[in-house]
Amino acid sequence: MRLILVVAAFLSICLVAGCDQSPKRGAISSRAPAPPGVDIEKLIDQLPDTSEPGFGYSVYFSGSEFLPFDEPGQISTGVLGGMKATRSKTLREIVRHGAAAVPVLLKRIGDKRPTKIPAMTGMMWIDFSDEYDFNRRTRPNAPAGVNRDDFASENEHPDRHVITVGDLCFVALGQIVNRNFSATRYQPSGGLLVSSPTYSDQLRKVILEDWSSLSPESHQQLLVEDFVHPDHEDRRIGAYLRLALYYPGAVDDLVVSELAKPTFDVFVIEKFCRDTLYKIADPALRAMAYEDFLRQHGSAFAGGIRKQLFDDFDFDDRFETRPYDLLVQLFQLPASITSRDRPPSENQSRTEQARFIASLIHEDSHKIGEAVRAIFLENSDDPSLAPACLRCLANRGYEDLLLDQLSRIDPAEREAKPLVTGKLESIATSRATAVRTKVDDIMTHCANEDYFMATLPGEIEQGRTVFEAAVKLLSTLHDDTDDGQYLLRMIGERFPNEARAVYKTFLSTGSAKRAETMCRVLWYGHPLAREILAPLLDDRRELSGFAIPMRVCDRAAQAISHTSKDIRFDSDWSREQKDLQIERLKKYCQAGVNRE
602 MRLILVVAAF LSICLVAGCD QSPKRGAISS RAPAPPGVDI EKLIDQLPDT SEPGFGYSVY
662 FSGSEFLPFD EPGQISTGVL GGMKATRSKT LREIVRHGAA AVPVLLKRIG DKRPTKIPAM
722 TGMMWIDFSD EYDFNRRTRP NAPAGVNRDD FASENEHPDR HVITVGDLCF VALGQIVNRN
782 FSATRYQPSG GLLVSSPTYS DQLRKVILED WSSLSPESHQ QLLVEDFVHP DHEDRRIGAY
842 LRLALYYPGA VDDLVVSELA KPTFDVFVIE KFCRDTLYKI ADPALRAMAY EDFLRQHGSA
902 FAGGIRKQLF DDFDFDDRFE TRPYDLLVQL FQLPASITSR DRPPSENQSR TEQARFIASL
962 IHEDSHKIGE AVRAIFLENS DDPSLAPACL RCLANRGYED LLLDQLSRID PAEREAKPLV
1022 TGKLESIATS RATAVRTKVD DIMTHCANED YFMATLPGEI EQGRTVFEAA VKLLSTLHDD
1082 TDDGQYLLRM IGERFPNEAR AVYKTFLSTG SAKRAETMCR VLWYGHPLAR EILAPLLDDR
1142 RELSGFAIPM RVCDRAAQAI SHTSKDIRFD SDWSREQKDL QIERLKKYCQ AGVNRE
């Protein structure tokens, strides 16, 4: 079996590096509720034709998305090189109907018709756990009989699962009601969790009990409660997205009220707790230090300190009993508390507020825009808040402010500044003509890769100018550079017909660093990997920066092996084993040339 590396990438729904270009507010047709008169029964009858995995029905990743809007989903855990999520047009259309679709989804929740997605099984294990998401603040008591841990039980279950129509109805229901319902999802390490209402009678019973009485009015109230009393930050963001689509009139006051709340800085709090508070043995002096800190920073920081104490509660003996002692002393919590007794915070951290603001692109409220503008003007140098605010504002006008920020950017800078990169990436989502013109001008004069890539919003077509500017920037890189990966990857995706020549030119300097960069560009089974990387199979130069000895030929061999189901290459093998497999890969590459 191919070596599979597991990564947990906890990504925010809006500020995900390397997962996509910054999402934009979609066209009206993609974000408006579905028109009346569409037969949802007929849409559900199209679900058996589903043939590709997506969020909520995959073996290789887990995460969430809101289908009616265009931005990519949020990956929580996944397998490197695993299949990517696809967006089902049929599910998207069903979800756009909102509460009107729920009675039909419930009617078909037990539909056992299989889809065309191949049967799923875990790479190492499978568990039928009946996961059922709910807001733990608005519903403190978990529904009975679900969210089980059957892994160690003696219950017998199948060793694989086929996604059914009822499973997809479960996923669609969760999309509508702001619950992360997944029929199947990846669980590290190498596991598959199955929560299928067509397999589990108990899960199906809970679903029907919870949602059979849902009306548009109770749906809106549910989303408002999720916004005001979320059990985690993504619950609030999810509520905003759904309110903006289904009940836009409810959004303004909720968002403006939330933006007016004071925030706290997690980094300032962590430093205070770990460097000062934990080191004070005397309870009276600890209390004095705490009060002095709140006088300096504001009462909102109290909730942040409590959160930090609970976070550090989980660090075994690293902080001894100090977090526990302080929770009991400063917050009058009972002596029986455990790390599971964490109360919800009424205030957001600054980083949470930044992620929330970055999501505010699905309505054009002037009140919200002005509130965000005020936050930006007070935090224009904050590396999280400033780009988030600009992203929000770029999707609702504010042309003069955006142009002013662009005028402060020097595209000729050789070293990218993260704050500038973030601002540029956010402003580039604007569709205002004057802003687009200035962004394109910066793009054509960029002297560093980060700024260049930040000017390329995924939905706005910039055409041949992008290719010419990218090739020009690549030509300015020094012969032994380790830069260029993102430029090369972008060329391969946007200009596949020109990629071959560009890749060969990039490698023509003979640099080992450039060779390793090209291996990364072509790593995941790229169709050009065999042709472009085959010459590197003879390159025995050692590479630096790896935990184990690594040659250019080893990196090339592993990248090429990802294009074959039959040839495996493991960088942990002995050199003799690797050399034998490299010879086999040479023949594999030559066979590809002969066929062409």
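Residues 602 to 1197 (the working numbering) make up the sequence shown, in order. Idealized CB from N, CA, C, for every residue including glycine. Quick caveat: nothing in here was measured; it's all calculated off a predicted structure.
Option in the options with minimal Cα separation from residue i
i            : options               : result
residue 725  : 700, 791, 965         : 791
residue 964  : 848, 644, 705         : 848
residue 678  : 788, 670, 1029, 1056  : 788
residue 982  : 1018, 999, 968        : 1018
residue 1085 : 818, 1120, 770, 925   : 1120
residue 779  : 866, 1072, 845        : 845
residue 1108 : 1028, 1078, 1098      : 1078
residue 658  : 1140, 861, 766, 1169  : 766
residue 1066 : 1089, 826, 1041       : 1041
residue 654  : 1176, 763, 746        : 763
residue 1131 : 714, 734, 993, 1101   : 1101
residue 838  : 674, 1176, 1013       : 674
residue 1140 : 1105, 1146, 1111      : 1111
residue 1179 : 730, 1162, 1146, 1166 : 1162
residue 747  : 702, 704, 796         : 796
residue 717  : 648, 1169, 1129       : 648
residue 968  : 1004, 931, 858, 988   : 858
residue 924  : 1145, 879, 727        : 879
residue 1148 : 1173, 1046, 770, 910  : 1173
residue 901  : 1068, 1025, 720, 949  : 949
residue 978  : 890, 1123, 1002       : 1002
residue 881  : 911, 920, 1164, 853   : 920
residue 997  : 966, 984, 1020        : 966
residue 671  : 1012, 662, 694        : 694
Test item: CB-CB of residue i and residue j under 9 Å
i            : j            : result
residue 816  : residue 700  : yes
residue 899  : residue 944  : no
residue 1138 : residue 1157 : yes
residue 692  : residue 651  : yes
residue 960  : residue 842  : yes
residue 706  : residue 774  : yes
residue 939  : residue 914  : yes
residue 980  : residue 990  : yes
residue 572  : residue 1030 : Only positions 602 to 1197 of the chain appear in this structure, which leaves residue 572 out of reach.
residue 769  : residue 727  : no
residue 956  : residue 931  : no
residue 711  : residue 686  : no
Supposed close pair residue i, residue j - CB separation, criterion 8 Å
i            : j            : result
residue 722  : residue 761  : 4 Å
residue 867  : residue 952  : 6 Å
residue 1028 : residue 1007 : 6 Å
residue 804  : residue 733  : 7 Å
residue 947  : residue 904  : 6 Å
residue 709  : residue 645  : 5 Å
residue 1014 : residue 1049 : 6 Å
residue 783  : residue 731  : No, residue 783 and residue 731 are not in contact; Cβ-Cβ is about 11 Å, not under 8 Å.
residue 821  : residue 851  : 6 Å
residue 563  : residue 776  : This structure does not reach residue 563, given that the chain is present from 602 up to 1197, and the question cannot be answered.
residue 1116 : residue 1092 : Contact doesn't hold; Cβ gap of about 17 Å is too wide.
residue 1047 : residue 1004 : At roughly 18 Å, the Cβ-Cβ gap does not stay under 8 Å, so residue 1047 and residue 1004 are not in contact.
residue 827  : residue 736  : 6 Å
residue 1035 : residue 1000 : 6 Å
Residue i - containing alpha helix (DSSP H), residue span
i            : result
residue 829  : 817-829
residue 876  : 867-876
residue 812  : 802-812
residue 864  : No alpha helix (DSSP H) holds residue 864; DSSP gives it neither H nor E.
residue 1151 : Here residue 1151 belongs to no alpha helix (DSSP H), and DSSP marks it neither H nor E.
residue 847  : 834-847
residue 1055 : 1050-1055
residue 707  : 703-708
residue 1014 : Premise fails: residue 1014 is in no alpha helix (DSSP H) and is neither H nor E.
residue 891  : 884-898
residue 1098 : 1097-1108
residue 909  : 901-914
residue 925  : 923-932
residue 1131 : 1130-1134
Where the beta strand (DSSP E) containing residue i begins and where it ends
i            : result
residue 1065 : Taken as a continuous stretch (DSSP letters only), residue 1065 belongs to no beta strand (DSSP E), being part of the alpha helix (DSSP H) at 1065-1077.
residue 788  : 785-788
residue 795  : 792-795
residue 729  : 726-729
residue 662  : 662-665
Contact with chain D by residue i, beta-carbon distance below 9 Å
i            : result
residue 1177 : As a matter of chain content, chain D is missing from the structure shown, which is built from one protein chain.
Point to revise | contact_flag[the segment 828-843, the segment 868-875] where n(CB pairs < 8 Å) is 3 or more | key: Under the 8 Å Cβ criterion, the segment 828-843 does not count as touching the segment 868-875, having fewer than three qualifying pairs.
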